[in-house]
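Q: In full-length UniProt numbering, the protein residues as written are 1 to 324.
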Amino acid sequence: METALYRIKHSLPNPNFLGTQLESGQAERYSPSWRHPGFINPATWDLNSPDFSLGIYTDGSKINGHVGAAFSVFDPVHSGDLQFRLDDHCSVFQAELTAIKQALLWKKAQRPSAHCHLFTDSLSSLKALQKFKPNNNLVEDIQDLMDGTVSLHWVKAHIGIVGNEAADKAAKEASDRQVVDIHLGIPERTIKLHIKNLLLKEWQDRWNKTDTKGRYTFGIFPKVSTKICIDNHLLSQMVTNHGLCPYYLKRFQLRDCNCRCGEDQNDDIQHFLFWCPLLSSERSLIRPGMSILQILQDKRKIREAKSILNFVYSHQQDIFEEVS
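Spelled out as structure tokens, the structure:
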């Protein structure tokens, strides 16, 4: 995964992952250029909502896979919107920054000497603009456009602020434009997500096709997920059927023994969790007919399952009997 991402970021030939060719030509790349420290202008912003003679509200939107950016001009009443359609692969972050950049370009061309209050609900954009070295060309472009005639403000979204609602509406409309106005590269986060999805698909395909190994666990977790993480040895044995029980010990020729109750030929983990009469006093929540997944979804049942298996391990001399 890291190799494929490195090849894409550095424009190396034939980036692929698990046999899938990845598009590297459209990836967003940072082109560093030397900037004199005295001319670097990290932005400052506040949460104020001052009165103004010229105010601009900006917003970015991604709806149904389409991306738009827009800004609404108030001087001091709503006098117009400018809208821009972006490539579908663009992120909301890119759209928010594009809206700010285009607003500043408009201001520089139309009202160069007027003081402007620029409002955005994108906190991530404002924090990026504060960085001395943002390593993002779009952010650096905005920093270079900032001067003493522009004040940045953060506003909370969707609380009825007229200017912000106007910009939000304009950005959504921009995403429906037929022609893409501004082309930006595919962000690294999107590329990582694409590679991750390829990895998950390959993992799922292998998990589905395996004929023998892991079928017990497959019955519990048929769908792979990076969110499934079991870090307790007792629970790991519960979901793999590998543990201190006669079934496992005989399978790997570690010990030839059975459960003394004599009621189950398997004598596996589930036998002790659900059915073994020797452990009936240890059960209050776990019942026959439950699934392992039902236990894992309830913290109280998890504690009880751990207690049962601990009891088996600490009393194995009383529960197991050797096969003569």
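Idealized CB from N, CA, C, for every residue including glycine.
These numbers come from a predicted model, not from an experiment.
1) K301: which of Q83, E282, Y313 and T190 sits nearest, CA to CA?
2) Can you tell me where the beta strand (DSSP E) holding K62 begins and where it ends?
3) Assuming L97 and V67 are in contact, meaning their beta carbons sit under 8 Å apart, how far apart are those beta carbons, in whole angstroms?
4) Tell me whether the beta-carbon of P32 lies closer than 8 Å to the beta-carbon of Q94.
5) Per DSSP, D46 forms a beta bridge with which residues?
6) Could you tell me which residues DSSP pairs with R300 in its beta bridges?
7) Are there 16 or more other CB atoms within 10 angstroms of the CB of L126, so buried, or fewer, so exposed?
8) In chain order, what are the residue ranges of uninterrupted beta strand (DSSP E) at least 3 long that sit wholly in the region 229-292?
9) Assuming F71 and D181 make a contact with CB atoms under 8 Å, what is their CB distance in whole Å?
10) Below 8 Å between beta carbons: does that hold for Q49 and V155?
11) Starting from the Cα of H242, find the closest Cα among H153, T149, T217 and N135 and give me that residue.
12) Taking 8 Å as the cut-off, does the region 117-126 touch the region 39-58 (at least 3 CB pairs, one atom from each stretch)?
13) Identify the residues that DSSP records as bridge partners of V323: which are they?
14) Inspect the beta-carbon positions of I142 and K108 and report whether they are closer than 8 Å.
15) Give the straight-line distance between the Cα atoms of R189 and H271, rounded to the nearest whole angstrom.
16) Can you tell me whether DSSP reads V73 as helix, strand or coil?
17) Quick check: C261 and V323, are their CB atoms within less than 8 Å of each other?
18) With a threshold of 16 other CB atoms inside 10 Å of the CB of D205, please say whether the residue is buried or exposed.
19) For L18, collect the residues of the same chain with a Cβ closer than 6 Å to its Cβ; drop the 5 residues on either side in sequence, then sort them by chain order.
20) Exposed or buried, what is E140 when buried is set at 16 or more other beta-carbons lying within 10 Å of its beta-carbon?
21) Determine, using beta carbons only, whether I63 and S175 come nearer to each other than 8 Å.
A: Working from what's here:
1) E282
2) G55 to I63
3) About 12 Å; that fails the 8 Å criterion.
4) no
5) H153
6) Bridge partners of R300: none, in fact.
7) buried
8) 257-259
9) Wrong, their Cβ atoms sit about 13 Å apart, outside the cutoff.
10) The question names Gln, but residue 49 is Ser in the sequence shown. Their beta carbons are under 8 Å apart, which means S49 touches V155 by this criterion.
11) T217
12) yes
13) Looking at the DSSP assignment, V323 forms no beta bridge with any residue, so it has no partner.
14) no
15) 46 Å
16) strand
17) no
18) exposed
19) L198 and E202
20) buried
21) yes
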